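With the numbering used here as the guide, the letters of the sequence shown map in order to residues 27 to 265. Written below as structure tokens is the structure these notes are about.
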Amino acid sequence: MRIVGGRRAEPHSFPWTISIIKEGRQHCGGALITDTHILSAGHCFKWDDKDLMRALIGLDSMDDLSNVEERAISKVIIHENFKSTAVRDENDIAIATINRPVAFSKTIRPICLPEREQNFGGRVGTVVGWGRLGVDASSSSVLMKASLRILSDEECMNSKLSIHIEPTMMCAFSKGKDGCQGDSGGPLLVFEGVGRYVQAGIVSWGIGCADPRYPGVYTKVSLYIDWIKKQTTGGKTCD
């Protein structure tokens, strides 16, 4: 998935956002949740070799890697109940461990996780990434962002995607805006005030990009807090 209809993010205004590149090309997004762990989507790793991937941390523009921390991915844990069909991915969540920790700075910080089962229906979310700027377009060289309305669980279940929606998924929609190929695994963020964001969702799947008939679908992070904590013991977190 990629950001369609978005605008350029202020440089380093989302310092937890990570580009996962594969053989030098934008592959997926992710979010730094500890100094050694990246939260992303299961489908980003299920059929691709992690040894061909690198994580770019502290990145703004692909054209300027001078202060970017590049890391190999030493381990990936995909949720044990991950399942993919022709349309959707279920339990689409994974944690990638980088080969050595990063030091936190103004341009590298971890995102805060939500409370268990926290509901974001009706809130405004921000999706960020370096993915494609349209279905047939190329990836963006700079970090893009788009504001979306997070649908209530009921609205999500009653959307045109209803037969594919599970309670572990959430929907977000704004006309002409969406994530696209290359944004998968990236964070859907909600601003909690005083400079604090939490990660409400993980870019997971959709039909087309910014198709006005369908919302984008995200993994609901608040339902996986215990699973995430179990996989990330010992790392420095946002708190």
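Just so it is clear, CB atoms sit at the ideal spot from N, CA and C, and this is done for glycine as well. Note that the structure is predicted; figures quoted are calculated from it, not measured.
Grab me the residues of residue i's own chain with a C-beta within less than 6 Å of its C-beta, minus the 5 sequence neighbours each way, in chain order.
i, result
"PRO41", "THR133, ILE134 and ARG135"
"ASN125", "ARG97, ALA98 and SER100"
"ARG33", "none"
"ILE191", "CYS182 and MET183"
"LYS171", "GLY32, ALA35, THR152 and VAL154"
Hey, could you find the ends of the alpha helix (DSSP H) residue i is sitting in?
i, result
"GLN257", "251 to 257"
"CYS182", "179 to 183"
Could you tell me the boundaries of the beta strand (DSSP E) in which residue i lies?
i, result
"CYS54", "51 to 58"
"HIS63", "63 to 66"
"PRO213", "213 to 219"
"THR43", "43 to 48"
"SER173", "170 to 176"
"VAL229", "222 to 231"
"PHE40", "That residue, PHE40, is in no beta strand (DSSP E); it is neither H nor E in DSSP."
"MET246", "Before going further, note that residue 246 is Lys rather than Met in the sequence given. Per DSSP, LYS246 belongs to the beta strand (DSSP E) from 242 to 246."
"CYS264", "Where CYS264 is concerned, there is no enclosing beta strand (DSSP E), given that its DSSP letter is neither H nor E."
"CYS235", "Segment: none, CYS235 is in no beta strand (DSSP E) and carries neither H nor E."
Tell me, to the nearest whole angstrom, how far the beta carbon of residue i is from that of residue j; I am working on the premise that it is less than 8 Å.
i, j, result
"MET79", "HIS53", "6 Å"
"LEU174", "SER210", "Not confirmed; about 15 Å, so no contact."
"THR286", "ASP74", "Look at the range of the chain in this structure, 27 to 265, and you will see that residue 286 is not part of it."
I'd like to check one pair, residue j with residue i: are the Cβ atoms closer than 8 Å?
i, j, result
"GLY68", "PHE108", "yes"
"ASP61", "PHE130", "yes"
"LEU82", "SER45", "yes"
"GLY205", "GLY157", "yes"
"GLY227", "MET196", "yes"
"PRO241", "ALA57", "no"
"THR152", "LEU215", "yes"
"HIS63", "GLY232", "no"
"GLY243", "LEU177", "Reading off the sequence shown, one finds Val at residue 243, where the question assumed Gly. In this structure, LEU177 does not lie closer than 8 Å to VAL243 by Cβ."
"GLU116", "THR194", "yes"
Excluding the 5 residues flanking residue i on each side, which residues of the same chain have their C-beta closer than 8 Å to its C-beta?
i, result
"GLY202", "VAL30, GLY31, ALA236 and PRO238"
"VAL102", "PHE71, LYS76, ALA120, ILE121, ALA122 and THR123"
"GLY84", "HIS38, PRO41, ASN93, VAL94, GLU95, VAL128, SER131, THR133 and ILE134"
In its own chain, which residues sit with a C-beta less than 7 Å from the C-beta of residue i, not counting the 5 before and 5 after it?
i, result
"LEU139", "ILE59, VAL224, GLN225, VAL247, ILE251 and ILE254"
"ASP86", "PRO37, HIS38, VAL168 and LEU169"
"CYS264", "PRO136, ILE137 and CYS138"
"GLU143", "SER248 and LEU249"
"SER164", "ARG158"
"ILE104", "GLY68, PHE71, LYS72 and ALA120"
"LYS256", "none"
Uninterrupted beta strand (DSSP E) stretches inside the segment 98 to 150 (no shorter than 3 residues): 120 to 124
In chain order, each beta strand (DSSP E) run of at least 3 residues that lies wholly inside the segment 63 to 95: 63 to 66 and 79 to 83
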